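**Student:** Structure in structure tokens, see below.
Protein chains in written order, with our numbering: chain A, 6 to 257; chain B, 9 to 318.
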């Protein structure tokens with residue numbers, strides 16, 4: 006009986022996450038959008054500009070976790086629909102929510118793993134992390150939030166063409182980077198800019214990183230955490246609801 | 009005994025096309041049930057509904073008394089599917105595919121490893137267990153998918169065209185496996201185009217056409233019911249005209265098949281006598297003469313034609 010309940014389904018979600026990591030971590034879109042794109046974006050904006058190392062660190066870690074946590078999740082469903090493995094998954098005793106939590110866990114782990122690299126680079130370059138625990142918690146929440154966002158981006162349209170989803174995902178991701186305090190701190194934005202920034206989950210993560218390295222933050226740490234949790238729940242619940250409705254269409 | 013599968017008034021529309029139209033049938037516990045029909049008849053849609061992949065627009069279906077609509081996880085737990093298109097994860101090894109299947113069904117580690125070893129040896133894939141499925145031939149992939157379906161020891165096994173496009177040896181291995189698991193108590197729901205396969209394997213057969221069930225019965229009963237499809241096959245030492253032979257009384261149709269002529273009739277004995285008279289009167293010698301019962305293929309074609317006319 007337990008197998009149909011929460012714990013049993015959660016175990017199955019971890020099995021799906023393991024499968025995703027084995028299959029997708031080295032796929033083209035993941036490498037391009039998760040590693041190469043944020044790296045070059047970082048170089049394009051920060052090289053030659055006279056900025057304190059802490060500002061560079063915020064930009065690098067913000068973009069890395071944002072892009073890497075969202076690199077696998079949008080591509081999984083269309084890939085699996087095309088290769089007809091989604092049909093296999095749907096015919097197994099795994100609930101839709103467990104299936105997508107599995108995909109989120111894979112993206113989350115990948116995002117966290119990749120984001121450790123800029124943290125190490127920052128430490129080597131002499132960045133002083135004043136609140137390491139807050140940074141760790143922030144990274145965990147942000148990676149989970151962005152992974153859930155990736156799942157939401159693949160929910161509609163119910164296509165089996167991965168490039169369509171990756172294009173939509175890119176259209177959403179890049180503007181978000183520009184409005185989230187990665188390049189221009191929120192405190193230096195116009196009022197309208199701050200209002201727009203408040204709709205992006207990345208804003209709250211960069212604010213947390215600024216707090217951890219420079220003790221400068223626009224929102225309180227508590228507000229940043231609450232916002233990240235709120236966005237995660239919103240993305241996850243909406244994504245699962247839409248996927249539940251669109252899976253049959255995707256398979257037909 | 010409760011049926012293993014019970015289908016009541018199942019309907020599924022795709023825009024303007026009714027893929028499955030209020031179908032009803034039962035599959036008995038422990039039987040091999042064949043599901044035949046031409047392309048686009050509704051076979052795969054029915055299997056997809058019964059395996060919980062898509063939802064019907066109306067009607068109900070139960071697997072071992074679990075409603076596929078109300079208790080889908082419980083129903084899915086006791087069944088397995090071998091879909092028409094190969095869909096193992098090609099970027100995982102055979103072993104990883106099997107372990108993943110076990111984990112998705114909640115089979116504990118020791119049991120899934122034991123079962124996987126046993127099945128890989130049984131299907132002669134053991135040596136390739138650490139190879140990616142990407143490099144497998146169609147036959148090997150199909151065997152791997154069957155291994156994945158059998159790993160969980162399902163009570164009900166759905167197979168959608170399991171031997172389609174396979175070489176003779178692989179097809180025979182799969183047919184033998186179906187028989188063996190059925191002997192051990194697994195109920196089999198088999199969709200196939202291969203009439204001989206259905207004839208050899210199935211206890212009962214349903215023929216579906218345009219989303220409706222045209223007939224359900226045992227292969228033998230279906231043949232018996234189609235008495236008009238009995239035939240007499242004759243060959244003479246010299247060519248004879250099929251057109252002329254079709255005029256013999258009680259012959260409904262005459263067809264030239266190679267060097268033989270097949271005469272369809274309800275009364276084979278009377279036609280044999282007439283053929284002897286015909287040969288004598290024209291100075292012909294009968295080289296061979298056989299009476300033939302209708303094949304399942306004949307029955308299938310007749311039923312599909314009748315169904316179209318209605």
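A virtual CB, placed ideally from N, CA and C, is assigned to each residue, including glycine.
Since the model is a prediction, treat every value here as computed from it, not as a measurement.
(1) Considering just the uninterrupted stretch of the alpha helix (DSSP H) at residue 105 of chain A, what are its terminal residues?
(2) Helix, strand or coil for residue 270 of chain B, going by three-state DSSP, please let me know.
(3) Can you list, in chain order, the residues of the region 219-242 of chain A whose Cβ is nearer than 9 Å to any Cβ on chain B?
(4) Mind reading off the beta-carbon distance from residue 68 of chain B to residue 219 of chain B? Whole number of angstroms is fine, and I expect it under 8 Å.
(5) Going along chain A in order, which residues have a C-beta closer than 7 Å to the C-beta of residue 106 of chain B?
(6) So what does DSSP say about residue 44 of chain B, is it helix, strand or coil?
(7) Secondary structure at residue 13 of chain B, three-state DSSP: helix, strand or coil?
(8) How many angstroms separate the CA atom of residue 114 of chain B from the CA atom of residue 41 of chain A?
(9) Mapping the DSSP letters down to three states, classify residue 24 of chain B as helix, strand or coil.
(10) Measuring CA to CA, which of A/140, A/170, A/106, A/145 is closest to residue 87 of chain A?
(11) Identify the contact partners of residue 190 of chain B in chain A, using a Cβ-Cβ distance below 7 Å as the criterion.
(12) Please specify which runs of the beta strand (DSSP E), each continuous and at least 3 residues long, are wholly inside the region 204-267 of chain B, giving them in chain order.
(13) Check this for me: beta carbons of residue 161 of chain B and residue 123 of chain B, under 9 Å apart or not?
(14) Between the region 228-248 of chain B and the region 55-73 of chain B, can you find at least three pairs of beta-carbon atoms closer than 8 Å?
(15) Could you give the DSSP three-state label for residue 287 of chain B: helix, strand or coil?
(16) Using the Cα positions of residue 155 of chain A and residue 39 of chain B, report the straight-line distance between them to the nearest angstrom.
(17) Are at least three pairs of beta-carbons, each pair with one atom in the region 98-114 of chain A and one in the region 10-26 of chain B, less than 8 Å apart?
(18) For residue 102 of chain A, count the other beta carbons within 10 Å of its own beta carbon; 16 or more makes it buried, fewer makes it exposed. Which is it?
(19) Where do the ends of the alpha helix (DSSP H) carrying residue 18 of chain A lie?
(20) Between which residues of its own chain and residue 183 of chain B is the CB-CB distance below 8 Å, once the five residues before and five after are set aside?
(21) Can you pull out the residues from the region 85-109 of chain A whose beta carbon lies closer than 8 Å to at least one beta carbon of chain B?
(22) Report yes or no: is there a C-beta of chain A within less than 9 Å of the C-beta of residue 62 of chain B?
(23) Under a three-way DSSP split, which group does residue 30 of chain B fall into?
(24) Taking the CB atoms as reference points, tell me whether residue 164 of chain B and residue 233 of chain B lie closer together than 9 Å.
(25) Checking the sheet assignment: what are the DSSP bridge partners for residue 95 of chain A?
(26) Thinking C-alpha only, which one of A/57, A/37, A/64 is nearest residue 50 of chain A?
(27) Measuring CB to CB, does residue 153 of chain A end up less than 9 Å from residue 80 of chain A?
(28) What are the partner residues of residue 71 of chain B, as DSSP defines its beta bridges?
(29) According to DSSP, is residue 55 of chain B part of a helix, a strand, or is it coil?
(30) Does any residue of chain A have a CB that is nearer than 9 Å to the CB of residue 81 of chain B?
(31) When the distance is taken between beta carbons, is residue 26 of chain A closer than 9 Å to residue 114 of chain A?
(32) Would you mind reading off the limits of the alpha helix (DSSP H) that contains residue 187 of chain A?
(33) I need the straight-line Cα distance from residue 97 of chain A to residue 249 of chain A, nearest angstrom please.
(34) Count Cβ pairs between the region 144-151 of chain A and the region 112-132 of chain A that sit closer than 8 Å; are there 3 or more?
(35) Less than 8 Å between the CB atoms is what I'm expecting for residue 159 of chain B and residue 99 of chain B, so what's the real figure, rounded?
(36) Might you give, ordered along the chain, the residues of its own chain that have their beta carbon closer than 7 Å to the beta carbon of residue 219 of chain A, omitting 5 neighbours on each side?
**Tutor:** By the coordinates alone:
(1) 101-129
(2) For residue 270 of chain B, the secondary structure class from DSSP, reduced to helix, strand or coil, is strand.
(3) none
(4) In fact, because the Cβ distance is near 17 Å, the residues do not count as touching under 8 Å.
(5) None at all; the shortest Cβ gap to chain A is about 12 Å.
(6) strand
(7) strand
(8) 38 Å
(9) coil
(10) A/170
(11) Neighbours of residue 190 of chain B on chain A: none; closest Cβ ~20 Å, over 7 Å.
(12) 212-217, 220-225, 239-244, 259-265
(13) Cβ atoms of residue 161 of chain B and residue 123 of chain B: closer than 9 Å.
(14) Fewer than three pairs of CB atoms, one per stretch, sit closer than 8 Å, so the region 55-73 of chain B makes no contact with the region 228-248 of chain B.
(15) helix
(16) Their backbone Cα atoms lie some 46 Å apart in a straight line.
(17) Short answer: they don't touch.
(18) buried
(19) Where residue 18 of chain A is concerned, the enclosing alpha helix (DSSP H) stretches over 11-29.
(20) 171, 205, 208, 209
(21) 88, 89, 90, 92, 93, 94, 95, 96, 97, 98, 99, 100
(22) yes
(23) strand
(24) no
(25) Bridge partners of residue 95 of chain A: none, in fact.
(26) A/64
(27) no
(28) B/13, B/74
(29) helix
(30) yes
(31) yes
(32) No alpha helix (DSSP H) contains residue 187 of chain A, which DSSP labels as neither H nor E.
(33) Per the coordinates, the alpha-carbon of residue 97 of chain A lies some 15 Å from the alpha-carbon of residue 249 of chain A.
(34) yes
(35) That pair is no contact at about 19 Å.
(36) 59
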